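>
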Amino acid sequence: MDAEVQRRIQRYGWDRAAGSYEPSWRHQLSRAHAELLEMAAPAPGERVLDVACGTGLMTFAAAERVAPGGGGVIGIDVSGKMLEEAWLQAVGSGVDNAIFHRMDGESLAIPSGRMDLAICALGLMYMPDPRQCMHEMRRVLGEEGRVAIAVWGGRQNCGWSSVFPIVDAEVASQVCPLFFSLGESSALVALCEETGFVVRQERRVFTHLEYADPMDACNAVFEGGPVALAWSRFDYVTRKRLRQQYLREIEQWRDVDRYRIPAEFALVVADKRA
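No gaps in the numbering here: position 195 of the sequence shown is 195 in full-length UniProt numbering, and each next residue is one more.
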């Protein structure tokens with residue numbers, strides 16, 4: 001797919017998902033986010049960039065860590081609607097050391113050497129050119145800077161992954177054809193090394209995505225996730241059929257009406273130089 005088309009799909013898709021994203025995913029991603037933050041260890045006074053920040057789940061957590069000493073965080077995303085949600089939260093909670101800009105992670109409008117830490121939590125899989133994003137994050141880091149990356153793990157370890165072929169059978173969504181590839185084996189480590197980073201720490205996180213009922217489980221993947229744009233174009237009959245297909249796929253993880261769907265994340269922290 002043409003890179004510009006893919007970027008537009010990402011932008012419009014996450015605009016659609018913005019209102020459902022936090023209710024569907026805040027708790028589900030909390031362990032991966034917490035472990036990545038621990039590994040990244042943002043320190044008081046540091047300048048942090050959060051790439052593909054969405055509604056600011058990682059942005060606000062990092063902002064709290066760096067606030068003493070005058071540190072701050074810049075959150076960037078291609079989705080204006082996601083950033084609107086982030087700004088509303090910042091204003092509502094009185095966070096004054098986090099700002100948000102609509103910006104492409106592959107072309108950062110940030111001066112070189114400005115940041116101490118760059119975070120990209122579950123956003124790299126959506127980039128048309130992940131290597132270019134890594135190069136850009138490296139460029140904006142100071143000489144002692146570091147990057148903290150999280151991606152979804154292997155497809156076979158992510159029980160919700162069946163949503164992609166289910167949707168693709170109806171329409172060529174082409175949201176992220178290589179979605180799980182960065183989570184396979186040592187792919188993320190290799191990407192860091194290929195783009196000039198020195199890997200400091202690698203971690204695999206195995207957890208479960210917990211949903212209270214079938215509607216909750218379906219809303220998360222169809223309305224609050226990467227296929228939201230395609231989902232918005234389906235009629236009622238198609239949506240009903242796709243929900244039924246997805247619920248059959250995740251039936252093995254159902255306990256009465258609740259679901260505990262397995263998930264894996266790959267996490268890496270790497271330094272700009274040894």
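No residue lacks a Cβ here, since even glycine has one placed at the ideal position from N, Cα and C.
If you're wondering where the values come from, they're calculated on a predicted model, not measured in any experiment.
Skipping 5 residues on each side, what residues in its chain have a beta carbon closer than 6 Å to that of F179?
Walking along the sequence shown from the start, residue 179 turns up at place 179. Hits under 6 Å: M125.
> So is R146 buried or exposed if we call it buried at 16+ other beta carbons inside 10 Å?
Counting from 1 along the sequence shown, the entry for residue 146 is found at position 146. Buried is the call here.
> Would you be able to state if there are at least three C-beta pairs under 8 Å between the region 248-267 and the region 153-163?
Flag = yes, the region 153-163 and the region 248-267 touch.
> Do I119 and H101 have their C-beta atoms within less than 8 Å of each other?
Reading the sequence shown from its first residue, position 119 is the one you call residue 119. Reading the sequence shown from its first residue, position 101 is the one you call residue 101. No, Cβ-Cβ distance for I119 and H101 is not below 8 Å.
> The alpha helix (DSSP H) with R8 in it runs from where to where?
Numbered from 1 along the sequence shown, position 8 holds the residue referred to as residue 8. Per DSSP, R8 belongs to the alpha helix (DSSP H) from A3 to A40.
> Who does G72 pair with in a DSSP beta bridge?
Residue numbering aside, residue 72 sits at position 72 when the sequence shown is read from its first letter. Note: G72 sits in a beta bridge opposite R47.
> Going along the chain, which residues of its own chain have a beta-carbon closer than 7 Å to the beta-carbon of A109, five neighbours each way excluded?
As a working mapping, residue 109 is identified with position 109 in the sequence shown. Only M103 meet the Cβ criterion.
> Counting beta carbon pairs with one atom in the region 188-204 and one in the region 259-272, are three or more of them shorter than 8 Å?
Output reads yes: the region 188-204 touches the region 259-272.
> Taking the alpha carbon of V48 as the point to measure from, which residue in S112, M39, L141 and E38 has its own alpha carbon closest?
Position 48 of the sequence shown, counting from 1, holds the residue named residue 48. Comparing Cα-Cα distances from V48 to each of S112, M39, L141 and E38, the minimum goes to L141.
> Thinking just about the alpha-carbon of each residue, which of Q89, D116, G54 and E35 is nearest to the one in G45?
Walking along the sequence shown from the start, residue 45 turns up at place 45. Considering only alpha carbons, the answer is D116.
> By a C-beta neighbour count over all protein chains shown, 10 Å radius and 16 as the cutoff for buried, is F265 buried or exposed?
For this step, residue 265 is matched to residue 265 along the sequence shown. By the neighbour-count rule (16 or more Cβ atoms within 10 Å), F265 is buried.
> Could you tell me whether the Cβ atoms of G224 and S30 are closer together than 8 Å?
To locate residue 224, count along the sequence shown from 1; it is residue 224. To locate residue 30, count along the sequence shown from 1; it is residue 30. No. Outside cutoff.
> When the Cα of A90 is compared with those of I261, L57 and D235, which residue comes out closest?
In the sequence shown, counting from the first residue as 1, residue 90 sits at position 90. Nearest C-alpha to A90: L57.
> Is it the case that the Cβ atoms of G159 and I9 are separated by a distance below 8 Å?
Within the sequence shown, the letter at position 159 stands for residue 159. Within the sequence shown, the letter at position 9 stands for residue 9. Cβ distance not < 8 Å, so G159 and I9 don't count as in contact.
> Provide the residue span of the alpha helix (DSSP H) that contains I261, from first to last.
Locating residue 261 in the sequence shown gives position 261, where the first residue counts as 1. Here I261 belongs to no alpha helix (DSSP H); instead the beta strand (DSSP E) covers R258 to D271.
> What residues in its chain sit with their C-beta under 7 Å from that of R11, if we drop five residues either side in the sequence?
Residue mapping note: residue 11 aligns to position 11 of the sequence shown, counting from 1. Result list for R11: V78 and S79, in chain order.
> Use the C-beta contact count for E106: other C-beta atoms within 10 angstroms, 16 or more gives buried, fewer gives exposed.
The residue given as residue 106 occupies position 106 in the sequence shown. By the 10 Å Cβ count, E106 comes out buried.
> With a Cβ-Cβ cutoff of 8 Å, do V221 and E202 count as a contact?
Here the question's residue 221 lines up with position 221 in the sequence shown. Here the question's residue 202 lines up with position 202 in the sequence shown. No, the pair does not count as a contact, with Cβ atoms beyond the cut-off.
> Determine the direct distance from the alpha carbon of S232 to that of D168, and round the result to whole angstroms.
The count along the sequence shown starts at 1 and reaches residue 168 at position 168. The count along the sequence shown starts at 1 and reaches residue 232 at position 232. Rounded to whole angstroms, D168 to S232 spans 14 Å at the Cα level.
> Please state the DSSP three-state secondary structure of R241.
Counting from 1 along the sequence shown, the entry for residue 241 is found at position 241. Reduced to three states, the DSSP call for R241 is helix.
> Sort D96, E85 and E170 by Cα distance to A230 and report the nearest one.
Position 230 of the sequence shown, counted from the first residue, corresponds to residue 230. For the residues D96, E85 and E170, the minimum Cα distance to A230 belongs to E170.
> Identify whether I110 lies in helix, strand or coil by the three-state DSSP scheme.
Mapped onto the sequence shown, residue 110 falls at position 110. The answer is coil: DSSP assigns I110 none of H, G, I, E or B.
> Put D77 into one of helix, strand or coil per three-state DSSP.
In the sequence shown, the residue the question calls residue 77 occupies position 77. In this structure, D77 counts as strand in the three-state DSSP scheme.
> As a quick exercise: from M82, M137, R139 and S186, pick the residue whose alpha carbon is nearest that of G153.
Residue numbering aside, residue 153 sits at position 153 when the sequence shown is read from its first letter. Taking only the C-alpha atoms, the option nearest G153 is S186.
> Alpha carbon to alpha carbon, what distance is there between G54 and M39?
To locate residue 39, count along the sequence shown from 1; it is residue 39. To locate residue 54, count along the sequence shown from 1; it is residue 54. Computed Cα separation, rounded: 20 Å.
> Using only alpha-carbon positions, find the residue among R204, E85 and A150 that is nearest to W14.
Reading the sequence shown from its first residue, position 14 is the one you call residue 14. Checking every option, the nearest Cα to that of W14 belongs to E85.
> With respect to the alpha helix (DSSP H) encompassing I166, which residues constitute its N-terminal and C-terminal limits?
Here residue 166 is taken as the residue at index 166 of the sequence shown, counted from 1. Where I166 is concerned, the enclosing alpha helix (DSSP H) stretches over V163 to D168.
> Helix, strand or coil: how does DSSP classify M115 here?
Start at 1 with the first residue of the sequence shown, and residue 115 comes out as number 115. Reduced to three states, the DSSP call for M115 is strand.
> If the criterion is Cβ atoms closer than 8 Å, does the pair E35 and V256 meet it?
Position 35 of the sequence shown, counting from 1, holds the residue named residue 35. Position 256 of the sequence shown, counting from 1, holds the residue named residue 256. No. Outside cutoff.
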